[in-house]
Amino acid sequence: MLTVISPAKKLNETTVDLPSTLPLTKPALQTSADALAKISRELSCGDLRDLMKISEPLAQLNKDRFSRYGSDQTLYVAAFMFAGDTYTGLEAKTLDTDALIWAQDHLRILSGLYGLLRPLDTIAPYRLEMGSRLISKRGHDLYAYWGGLLSQELNKAAIATQSKILVNCASQEYFSAVDLPMLKLKVVTPVFLEERDGTTKIVSFYAKKARGAMARYISQGHLTDIDDLRGFTTGGYLFSKERSSDAQFIFIRRAQD
Numbered sequence: 002m003l004t005v006i007s008p009a010k011k012l013n014e015t016t017v018d019l020p021s022t023l024p025l026t027k028p029a030l031q032t033s034a035d036a037l038a039k040i041s042r043e044l045s046c047g048d049l050r051d052l053m054k055i056s057e058p059l060a061q062l063n064k065d066r067f068s069r070y071g072s073d074q075t076l077y078v079a080a081f082m083f084a085g086d087t088y089t090g091l092e093a094k095t096l097d098t099d100a101l102i103w104a105q106d107h108l109r110i111l112s113g114l115y116g117l118l119r120p121l122d123t124i125a126p127y128r129l130e131m132g133s134r135l136i137s138k139r140g141h142d143l144y145a146y147w148g149g150l151l152s153q154e155l156n157k158a159a160i161a162t163q164s165k166i167l168v169n170c171a172s173q174e175y176f177s178a179v180d181l182p183m184l185k186l187k188v189v190t191p192v193f194l195e196e197r198d199g200t201t202k203i204v205s206f207y208a209k210k211a212r213g214a215m216a217r218y219i220s221q222g223h224l225t226d227i228d229d230l231r232g233f234t235t236g237g238y239l240f241s242k243e244r245s246s247d248a249q250f251i252f253i254r255r256a257q258d
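First residue of the sequence shown: 2, per the numbering used here; consecutive thereafter.
Pasting the structure below:
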């Protein structure tokens, strides 16, 4: 069973001390990432601001990042560099060595710049959202740029781990980059709902954190059976058999005040 999560805009640019038994690795799609970084490096600060709808200071920060890309810069371990809500739930820094080794084989991070990452891949700090309409020879946006490459890599990981299920803990923006007709895995998407006064809804902050917590739960337990996901109770969520389907596993908890 494989799991995918989204990256994060917020980054933690500090090095971490990891056991020597953990294999730090290079992204599988590094060559494509390098080509994309080269395109991005040629954009002006204003271009980056408009491309990602970000402030001038953020645009300048990322202009500087792309300018340094590929030079003698510090690289960071992917699962520890990303620091958004999903990674609050994942809590990579508190996973033991066995869980991290499992995650290295079974967990993937979708990325606008790198395409698909393993948790222990070393990468440069960046911001390039998958929904960005960055023009390249492959097309007019990053969905066209990555095309079927993401599904190809996921299929390779499925063969290596003998997986038949892909647990989708990524956002719609990122998972839309996966070419589903090419994917040789059954997709199951956990959905996390907050219940208040008899009604339920998705609250983005809590849902993102829960997706990361689900990825952690799978990695800690070395889970291979999709039915084992039903035992997820982190944060007070409970599996709803009545509302779930083969394609969606629904988890509900009382709304947080």
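The beta-carbon is built from N, C-alpha and C at its ideal position, and this holds for glycine as well.
Go through its chain and collect everything with a Cβ distance to residue 245's Cβ below 8 Å, but skip five positions before and after it. Within the same chain, residue 245 has close Cβ partners 251.
For residue 203, would you say it is in contact with chain B, using Cβ-to-Cβ distances shorter than 8 Å as the test? This model lacks chain B altogether; it includes just one protein chain.
Taking the DSSP output, what are the residues bridged to residue 154? None, per the DSSP bridge assignment.
Of the residues 199, 82, 22, which one's Cα is nearest the Cα of residue 97? Among 199, 82, 22, the Cα nearest to that of residue 97 is on 22.
What are the partner residues of residue 94, as DSSP defines its beta bridges? DSSP lists no partner for residue 94.
Start-end ranges of the beta strand (DSSP E) lying completely within the region 48-124, minimum 3 residues: If one requires a minimum length of 3 residues, the beta strand (DSSP E) runs lying completely within the region 48-124 are 108-112, 116-118, in chain order.
Rounded to whole angstroms, what's the CA-CA distance from residue 57 to residue 121? Just pull it up for me. C-alpha separation (whole angstroms): 32 Å.
Is the CB-CB distance between residue 116 and residue 150 below 8 Å? Contact: yes.
From this set, 177, 166, 104, which residue's C-alpha is nearest residue 130's C-alpha? Nearest C-alpha to residue 130: 177.
Inter-stretch contact (C-beta, 8 Å, three-pair minimum) for the region 197-212 and the region 80-97: Cβ pair count under 8 Å is three or more, so yes.
Check for me: the alpha helix (DSSP H) holding residue 40 runs from which residue to which? Counting along the chain, the alpha helix (DSSP H) containing residue 40 begins and ends at 31-42.
Mind reading off the beta-carbon distance from residue 204 to residue 195? Whole number of angstroms is fine, and I expect it under 8 Å. Under the criterion of beta carbons closer than 8 Å, residue 204 and residue 195 qualify as touching, at roughly 5 Å.
Quick check on residue 181: buried or exposed, where buried means 16 or more other Cβ atoms within 10 Å of its Cβ? Burial check for residue 181: the Cβ neighbour count within 10 Å stays below 16, so the residue is exposed.
Would a C-beta distance cut-off of 8 Å place residue 253 and residue 238 closer than the cut-off? Contact: yes.
At the level of alpha carbons, what is the spacing between residue 198 and residue 45? One Cα belongs to residue 198, the other to residue 45, and the distance between them is close to 50 Å.
Apart from the five residues just before and just after residue 153, which ones in its own chain have a Cβ nearer than 8 Å to its Cβ? Answer for residue 153: 183, listed in chain order.
Check the DSSP bridge columns for residue 137 and list the partner residues they point to. Paired residues: 140.
Taking the straight line between their C-alpha atoms, what separation do you get for residue 167 and residue 52? Our two residues, residue 167 and residue 52, have alpha carbons roughly 31 Å apart in a direct line.
Which of helix, strand or coil DSSP assigns to residue 209: In the structure shown, the three-state DSSP call for residue 209 is helix.
Where residue 138 falls, given that 16 or more other Cβ within 10 Å makes a residue buried: Exposed.
Considering only C-alpha positions, which residue in the set 255, 222, 233, 216 is nearest to residue 89? Nearest of 255, 222, 233, 216 to residue 89, Cα basis: 216.
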